[in-house]
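What follows is one structure encoded as structure tokens, with my remarks underneath.
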Amino acid sequence: MDAIVVDRLEKRFNGFTAVDKISFSVKKGELFGFLGPNGAGKSTTIYMLTTLLSPTSGSAKVNGFDVGTQADDVRKSIGIVFQDPTVDTRLSAYDNLDIHGMLYGMDGPSRKARIREVMELIELSDWQDKMVKTFSGGMRRRLEIARGLMHTPNILFLDEPTLGLDPQTRRHIWSYIEKLKRQGITIMLTTHYLEEADFLCDRVAIVDHGAIKVLDTPKRLKGMIGGNVVRVSSSEPQKLAEVVKRKGFADKPRMDETVVSFDVKDGGKALPKILEAAIGAGIEVESIELRVPSLEDVFIHYTGSSIRSEKGAGDMMMAMRRSRGY
Amino acid sequence: MAIEPVKIYAVWLREIKRFLNSKSRMVGSLAMPLLFLVALGGGFSSFLPAGSVPGGVSYSTYLLPGIVAMTILFTSIFSGVSIIWDREFGFLKEMLAAPTGRENIVFGRTLGGATTAIIQGLMILVIGLVITGAPLPSPLHMAGAFVFMSFLSCFLVAVGIAIASTLQEVETFQLVMNLIVMPLFFLSNALIPIEKMPGILKGVTTLNPITYAVDGLRDLMIGQGTLGLPLDFAVCLVGFIVALAVATYLFSKTAI
Ligand SMILES: Nc1ncnc2c1ncn2[C@@H]1O[C@H](COP(=O)(O)OP(=O)(O)OP(=O)(O)O)[C@@H](O)[C@H]1O
Ligand SMILES: [Mg+2]
């Protein structure tokens, strides 16, 4: 039996389709990723799978329970780390976890034992009696993860677990997630960080405008695009793309501001040809780069735009929201 | 609808812990009622002719139950409406995602808010007895006042939750305090005996449930009620039941 089975799940908000009849399933013990830009419908999907939003149509089973008719059973068997912070900053870390345990029906001794375990996992044992308002953003995120695990769920949902965190803290959180994966828990995470999806996930679904564009292992996704990618930064990207296409060196050039990317079979042979074509056409080349395809290339291939250019502002907003005290 | 005492307790406990973790806030919320008691009570006592308030008691003694009711009114509604802040700062999602019905969240929240309001009301009562030199009520009357305060505060926290579930926007928080709480206080008999009011004010005051709360407390604390304890109690009890039902309904309808 799969841990999560989603069948033509749809969510519309007053006529606007946020999630467009998606179907997928997540195997037990799998680390499944939802990769997509702002507004792709990642959080909305998580809300439906965690029974906080009811779908407009379609169905989903989580741990074998229907999200519509067996909400309580679903809730008991899952842990959730929301995109926006939800810990109570006016309580100590210990009390946050303790009250969570009570809400999930755990008895006193098991709460106590479990708090020790999860605080050790996220390396905050020394901080358990401190008020959460004294915690940094990264520590709060870790505490949220600890709380999501408090009642030993079978499935953990992580909605953008490293959003707005510095690279070092992100690495830390990745290491906890990997540790959890080794313990056999099923994890569904959303992210808009390509490295994160690539590094952590067993399988990744690339989502855009509420729909799954493609779903596979990061390795196979990258394999879908030729052998190499040649990225050329120049003053006339449009013209360069046309020239290279006309000469038949690469058929599907992708533009991102001043950079054109070409998917080629053998980068070593294609690179001099492309350069020669550029010089022949009088195009000034600023830099040229040869690499194996990344998830970013896959992402651009399937959605037609770079994930990075749309972000930034959203991240800033989140970081500001997080740092605001309560 | 399934009542789960443990989950109600969890929500209650959170309120209590938050209350204990912010003592400075409590001092702040006691300051205003005490100011009212000292400034108005002290000021008007020397200014009002004898016999202005019924029963031959001093004005500050007469005022004390009104100020206790005021403390409970402000802190209870404030506590209920604070759900707006839980929504804004996310903790509401943690509660809504838990495997329990929303009614348990409303009940826990109501009991938690009421507990903190009663504690503050009792503190004002005790400090007020010392300041005004009012005679100490008998233990039976004290117990009666306590029961009365309990229903009153549960009633008002539920009103706050109902308001918060309807408005949902942080910006409306101050509006609620100004447009609902202040009129409830000033258009009651907390400061002025109902018998001494001009006709139209008297009419409005009679429709205000806070009037019955003040009257009941006045009856129990200083023996100066005029509307009758059974009626006072009935208004608070019915208010509590209606408000809790409405709050539970409205809260269960709110989205995340
Ligand atoms: N309650 C709502 N009412 C109306 N529209 C909504 C609501 N919630 C989400 N949406 C819209 O649905 C779309 C998907 O939103 P969602 O939050 O699921 O995106 P996301 O992939 O999580 O994006 P992000 O990376 O910014 O978190 C957005 O266009 C959003 O504006
Ligand atoms: Mg989101």
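Quick note, the sequences are listed as chains A and F, same order.
Under our numbering, the residue at position 280 of the first sequence is numbered 280, and the numbers go up by one with no gaps.
Under our numbering, the residue at position 207 of the second sequence is numbered 1207, and the numbers go up by one with no gaps.
Note that the Cβ used here is the ideal one computed from N, Cα and C, for glycine as well.
Distances from the alpha-carbon of residue 94 of chain A to those of A/7, A/114, A/104, A/81 put A/114 closest.
Under the Cβ criterion of 8 Å, residue 80 of chain A is counted among the residues facing chain F. Here the alpha carbon of residue 1025 of chain F sits roughly 44 Å from the alpha carbon of residue 19 of chain A. Counting C-beta pairs closer than 8 Å gives three or more between the region 291-309 of chain A and the region 204-213 of chain A, which meets the contact rule. A direct Cα-to-Cα measurement between residue 1171 of chain F and residue 1023 of chain F gives close to 25 Å.
Straight across, the Cα-Cα distance linking residue 1084 of chain F with residue 122 of chain A is about 31 Å.
Nearest to residue 1081 of chain F by C-alpha distance, out of F/1046, F/1221, F/1176, F/1028, is F/1176. Straight-line measurement puts the Cα of residue 228 of chain A at about 6 Å from the Cα of residue 265 of chain A. As the crow flies, the alpha-carbon of residue 258 of chain A is around 26 Å from that of residue 197 of chain A.
In this structure, the CA atom of residue 1110 of chain F is about 14 Å from the CA atom of residue 1095 of chain F. Sorted by chain position, residues whose beta-carbon lies closer than 7 Å to a non-hydrogen atom of ligand 2 are A/42, A/43, A/83, A/159, A/160, A/190. Boundaries around residue 11 of chain A are those of the beta strand (DSSP E), 4-13, since no alpha helix (DSSP H) includes it. A distance below 6 Å between beta-carbons, with the five flanking residues on each side excluded, links residue 23 of chain A to the following residues of its chain, in chain order: 6, 7, 8. The DSSP-derived three-state label of residue 96 of chain A is helix.
Proximity of residue 85 of chain A to chain F, defined by a Cβ-Cβ separation below 8 Å, is satisfied. For residue 1139 of chain F, no chain A residue has a C-beta closer than 8 Å to its own C-beta; the minimum C-beta separation is roughly 35 Å. According to DSSP, residue pairing for residue 291 of chain A in a beta bridge involves A/229.
Taking 8 Å as the cut-off between beta carbons, the residues of the region 95-128 of chain A near chain F are 95, 99, 100, 102, 103, 104, 105, in sequence order. For residue 141 of chain A, no chain F residue has a C-beta closer than 7 Å to its own C-beta; the minimum C-beta separation is roughly 12 Å.
Residue 50 of chain A reaches chain F at 1097, counting residues in chain order whose Cβ is nearer than 7 Å. Rounded to the nearest whole angstrom, the C-alpha separation of residue 138 of chain A and residue 131 of chain A is 15 Å.
Burial is judged here by how many other beta carbons sit within 10 angstroms of a residue's own beta carbon; residue 1 of chain A has fewer than 16 and is exposed.
Note that the C-beta distance between residue 1184 of chain F and residue 1073 of chain F is below 8 Å.
Relative to ligand 1, residue 1021 of chain F has its C-beta separated by 7 Å or more from all heavy atoms. Its chain contains 240, 258, 260, 278, 283, 284, 285, 286 as the residues whose beta carbon lies nearer than 8 Å to that of residue 234 of chain A, once the 5 sequence neighbours on both sides are disregarded; these appear in chain order. Close CB contacts of residue 33 of chain A within its chain, under the 6 Å cut and outside five residues either way in sequence, are with 189, 197, 201, 204 (chain order).
Measuring C-alpha to C-alpha distances from residue 135 of chain A to each of A/151, A/91, A/40 identifies A/91 as the nearest.
In the displayed model, residue 1087 of chain F falls within a helix according to three-state DSSP.
The beta carbons of residue 1243 of chain F and residue 1155 of chain F sit closer together than 8 Å. Beta-carbon to beta-carbon, residue 87 of chain A and residue 144 of chain A are separated by about 6 Å, close enough to satisfy the 8 Å threshold. Using beta-carbon distances, residue 165 of chain A does not count as an interface residue toward chain F, since no partner is under 8 Å. Contact annotation: residue 1035 of chain F and residue 1060 of chain F have beta-carbon atoms that are not nearer than 8 Å.
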